[in-house]
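A quick write-up on the structure given underneath.
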Amino acid sequence: MGKPRAVRFLKEIIQKHKPSLVFLSETLVKKNKIDALCKSIHFASSFTVDAQGHGGGLALLWKNTGAVEIKGTCNHYIDFEVLCEQIGRWRYTGFYGCPERERRQESWNLLRDLANKSSLPWCVLGDFNDMLFEFEKKGGRPQPRRLLEGFNQTVIDCNLEDLGFNGYEFTWERCRGTTMWIQERLDRVMANQGWRQLFPNAEVQVLEVSTSDHLPLVLQLNSQVYMPKSMRFKFENVWIREADLKELSNKIKHCRWVMRRFRSRRDSYGVKKYNETRSEFLNLLERQEVYWKQRSKQFWLREGDQNTRFFHKFASGRRKNNQISRLKDRNGEWVDNVQGVQNIITEYFSTLFNSSMTAGSLSNNERVNQVTSEQNAQLMEAISGEEVKEAVFSMHAEKAPGYDGLNPAFYQTYWGVVEQDVVGFCQHFFVTGDLPLEFNRTLVCLIPKVKQPQ
Numbered sequence: 001m002g003k004p005r006a007v008r009f010l011k012e013i014i015q016k017h018k019p020s021l022v023f024l025s026e027t028l029v030k031k032n033k034i035d036a037l038c039k040s041i042h043f044a045s046s047f048t049v050d051a052q053g054h055g056g057g058l059a060l061l062w063k064n065t066g067a068v069e070i071k072g073t074c075n076h077y078i079d080f081e082v083l084c085e086q087i088g089r090w091r092y093t094g095f096y097g098c099p100e101r102e103r104r105q106e107s108w109n110l111l112r113d114l115a116n117k118s119s120l121p122w123c124v125l126g127d128f129n130d131m132l133f134e135f136e137k138k139g140g141r142p143q144p145r146r147l148l149e150g151f152n153q154t155v156i157d158c159n160l161e162d163l164g165f166n167g168y169e170f171t172w173e174r175c176r177g178t179t180m181w182i183q184e185r186l187d188r189v190m191a192n193q194g195w196r197q198l199f200p201n202a203e204v205q206v207l208e209v210s211t212s213d214h215l216p217l218v219l220q221l222n223s224q225v226y227m228p229k230s231m232r233f234k235f236e237n238v239w240i241r242e243a244d245l246k247e248l249s250n251k252i253k254h255c256r257w258v259m260r261r262f263r264s265r266r267d268s269y270g271v272k273k274y275n276e277t278r279s280e281f282l283n284l285l286e287r288q289e290v291y292w293k294q295r296s297k298q299f300w301l302r303e304g305d306q307n308t309r310f311f312h313k314f315a316s317g318r319r320k321n322n323q324i325s326r327l328k329d330r331n332g333e334w335v336d337n338v339q340g341v342q343n344i345i346t347e348y349f350s351t352l353f354n355s356s357m358t359a360g361s362l363s364n365n366e367r368v369n370q371v372t373s374e375q376n377a378q379l380m381e382a383i384s385g386e387e388v389k390e391a392v393f394s395m396h397a398e399k400a401p402g403y404d405g406l407n408p409a410f411y412q413t414y415w416g417v418v419e420q421d422v423v424g425f426c427q428h429f430f431v432t433g434d435l436p437l438e439f440n441r442t443l444v445c446l447i448p449k450v451k452q453p454q
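Here it is, written out as structure tokens:
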């Protein structure tokens, strides 16, 4: 976490996967850096085990204040409990195993001690610097049998079970593209029977892109829970800087696909292609400050401002507030399934928007100002292309887009391309009064007024 590129990549992961907890090992930084990171990603709290010299360091970051209780720490683990109103209390341990082979027994003993500390449902995850099977290593010398057997016996003694994974089969590599290239599965998630019964649908995903020698893991507790729908298309001002608009929206996705395809290739072309794509991917991350600038919607911010805590705080905070995961029904009971939440919202607004004003509400004494002859003559004049252009360019470039996702910046930047269509449409409307129904579609936004809506 001492390098800006690593921090930027972590923020990209958090933005995409929206985790509630983040565990980091080998941070190589001290508490002040982790505290700053916690604020920049808009998390509530963090706990740090400082790096020692030029190595080590652990960190735990979480979103909800009061949800995490630290139970024990050392240079190799952070042990904590999580409290959830609906489920109860369970236990996590973020673990970092001794990298030196002669000290593996220390790691195994630590795991056994941790297993005996509590009877709660338990999940332990992290970089164990150990493997369970021979096939979890590719390249270099085979893993010594004594290390495989020692780690397997430790897992058995702790009543743990590997949760498996989706994605790439290795989580660590060294010397890519050389004769010394080694890949190993050192990172994993394991849990006891109580935890597996609590979360029977839990899944582990190995992300196939990283800025370090380790690949990140994402633990999804319930693969059947509600996930936000794909976001509606919205034109982002950062795209203006790209020569080809059609390519931009898929660039990062394409980079990920190419890196997944060539990650395991050991020939010279495969290594070269992977490295080139990885560089392109990292450069895309560096341009995110333009994206955050638009998301913050603070019009007084201008080009040149950096991708700082301010942008992430406003953009990520707004995204969090816009998500409704559960609501109380009319009986005061919590409803957290998708259909139930939809029914509550539909019922509420169906009642709210019932008309209560009759056509005769205005008194006869109330008069509406009439249009003068001069004003009427002006209104009857045909509109010109210059008037349409003036209206388009009078709008602030970063105002929210309509249903089609195109904001004023799009029309202003590409006016030379769209001018004829826009002017022609406006002139046709003023002559015929014909307006397609889809042009009047409206996006209704629920503006949160409180931090904990029910």
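The sequence shown: position 241 = 241 (the UniProt record's numbering), numbered continuously.
We put the beta carbon where it would ideally sit given N, CA and C, even for glycine.
In DSSP terms, what residue i is bridged to
{"i": "Cys74", "result": "Tyr77"}
{"i": "Phe96", "result": "Checking the sequence, you will find Tyr at residue 96 rather than Phe. In the DSSP output, where bridge partners are listed per residue, Tyr96 has Asp127."}
{"i": "Glu69", "result": "Glu81"}
{"i": "Trp90", "result": "Val82"}
{"i": "Thr48", "result": "Ala59"}
{"i": "Met190", "result": "Val124, Asp162"}
{"i": "Leu217", "result": "Val206"}
{"i": "Leu327", "result": "Val335"}
{"i": "Gln183", "result": "Lys138, Glu173"}
{"i": "Gly167", "result": "Val206"}
Run of the beta strand (DSSP E) containing residue i, from where it starts to where it stops
{"i": "Val371", "result": "Careful: Val371 lies outside any beta strand (DSSP E) and carries neither H nor E."}
{"i": "Glu203", "result": "203-206"}
{"i": "Leu21", "result": "21-25"}
{"i": "Gln427", "result": "It is not in any beta strand (DSSP E) - Gln427 instead sits in the alpha helix (DSSP H) that spans 415-432."}
Start-to-end residues for the alpha helix (DSSP H) that takes in residue i
{"i": "Trp257", "result": "251-262"}
{"i": "Leu111", "result": "104-115"}
{"i": "Ser394", "result": "385-394"}
{"i": "Glu173", "result": "Glu173 -> not in any alpha helix (DSSP H); beta strand (DSSP E) instead, spanning 172-174."}
{"i": "Ala382", "result": "No alpha helix (DSSP H) contains Ala382, which DSSP labels as neither H nor E."}
{"i": "Ala6", "result": "4-17"}
{"i": "Arg265", "result": "Neither: Arg265 is in no alpha helix (DSSP H) and is coded neither H nor E."}
{"i": "Asn32", "result": "31-40"}
{"i": "Leu148", "result": "145-157"}
Among the options, the one whose alpha carbon lies nearest that of residue i
{"i": "Gly332", "options": "Gln339, Val338, Ile344", "result": "Ile344"}
{"i": "Lys117", "options": "Arg103, Leu148, Leu83, Cys158", "result": "Cys158"}
{"i": "residue 517", "options": "Arg101, Pro142, Val204", "result": "Because the chain spans 1 through 454 in this model, residue 517 falls outside it and cannot be assessed."}
{"i": "Gly177", "options": "Ser264, Thr73, His396, Ile156", "result": "Ser264"}
{"i": "Ala202", "options": "Glu347, Arg146, Leu217", "result": "Leu217"}
{"i": "Met180", "options": "Arg141, Asn275, Asp434", "result": "Arg141"}
{"i": "Cys84", "options": "Gly94, Pro121, Lys273", "result": "Pro121"}
{"i": "Leu215", "options": "Val206, Asn222, Asp421", "result": "Val206"}
{"i": "Asn407", "options": "Gly433, His396, Gly416", "result": "His396"}
{"i": "Arg261", "options": "Lys251, Phe281, Ser45, Glu208", "result": "Glu208"}
{"i": "Ala6", "options": "Trp90, Glu81, Thr211", "result": "Thr211"}
{"i": "Ser279", "options": "Met259, Tyr269, Ser268, Ile14", "result": "Met259"}
{"i": "Asn275", "options": "Leu379, Gln339, Cys175, Ala377", "result": "Cys175"}
{"i": "Thr93", "options": "Gly66, Gln86, Glu102, Leu58", "result": "Leu58"}
{"i": "Pro144", "options": "Gln375, Ala115, Glu102, Ser20", "result": "Glu102"}
{"i": "Leu437", "options": "Glu347, Tyr403, Trp415", "result": "Tyr403"}
{"i": "Leu21", "options": "Ile87, Glu69, Ala51, Lys3", "result": "Glu69"}
{"i": "Arg441", "options": "Leu198, Tyr348, Gly405, Pro99", "result": "Gly405"}
{"i": "His432", "options": "Gln412, Met380, Lys399, Phe393", "result": "The sequence given here has Thr at residue 432, not His. Thr432 has its Cα closest to that of Met380, out of Gln412, Met380, Lys399, Phe393."}
{"i": "Glu81", "options": "Ser119, Val49, Asp50", "result": "Ser119"}
{"i": "Tyr348", "options": "Glu374, Leu148, Leu327", "result": "Leu327"}
{"i": "Gln52", "options": "Lys31, Phe43, Leu352", "result": "Lys31"}
Presumed contact (8 angstroms Cβ cut-off) between residue i and residue j, rounded CB distance
{"i": "Asp127", "j": "Gly97", "result": "7 angstroms"}
{"i": "Asn237", "j": "Ala409", "result": "5 angstroms"}
{"i": "Leu28", "j": "Gly72", "result": "Actually they do not touch by this definition, with Cβ atoms about 23 angstroms apart."}
{"i": "Arg104", "j": "Asp130", "result": "7 angstroms"}
{"i": "Leu282", "j": "Lys251", "result": "At roughly 12 angstroms, the Cβ-Cβ gap does not stay under 8 angstroms, so Leu282 and Lys251 are not in contact."}
{"i": "Val335", "j": "Ile324", "result": "Not a contact, Cβ separation roughly 11 angstroms."}
{"i": "Val388", "j": "Val423", "result": "5 angstroms"}
{"i": "Leu148", "j": "Leu132", "result": "7 angstroms"}
Contact test: residue i Cβ vs the ligand SAH heavy atom, cutoff 7 angstroms
{"i": "Gly126", "result": "Among the components modelled here there is no ligand, and therefore nothing to report on the ligand SAH."}
- Contact between the segment 18-38 and the segment 62-73 (3+ Cβ pairs under 8 angstroms): Result yes; three or more Cβ-Cβ pairs closer than 8 angstroms.
- Three or more C-beta pairs closer than 8 angstroms, one from the segment 156-171 and one from the segment 187-204: is that the case here? Yes, the segment 156-171 is in contact with the segment 187-204.
- On the three-pair Cβ rule with 8 angstroms, is the segment 122-138 touching the segment 166-182? Short answer: they touch.
- Task: Tell me, please, whether the segment 66-86 touches the segment 100-115 by the rule of three or more beta-carbon pairs shorter than 8 angstroms.
- Result: In this structure the segment 66-86 lies against the segment 100-115, because at least three pairs of beta carbons, one per stretch, are closer than 8 angstroms.
- Query: Counting pairs of beta carbons, one from the segment 382-400 and one from the segment 416-431, are three or more of them closer than 8 angstroms?
  - Reply: Judged by pairs of C-beta atoms under 8 angstroms, the segment 382-400 touches the segment 416-431, as three or more such pairs exist.
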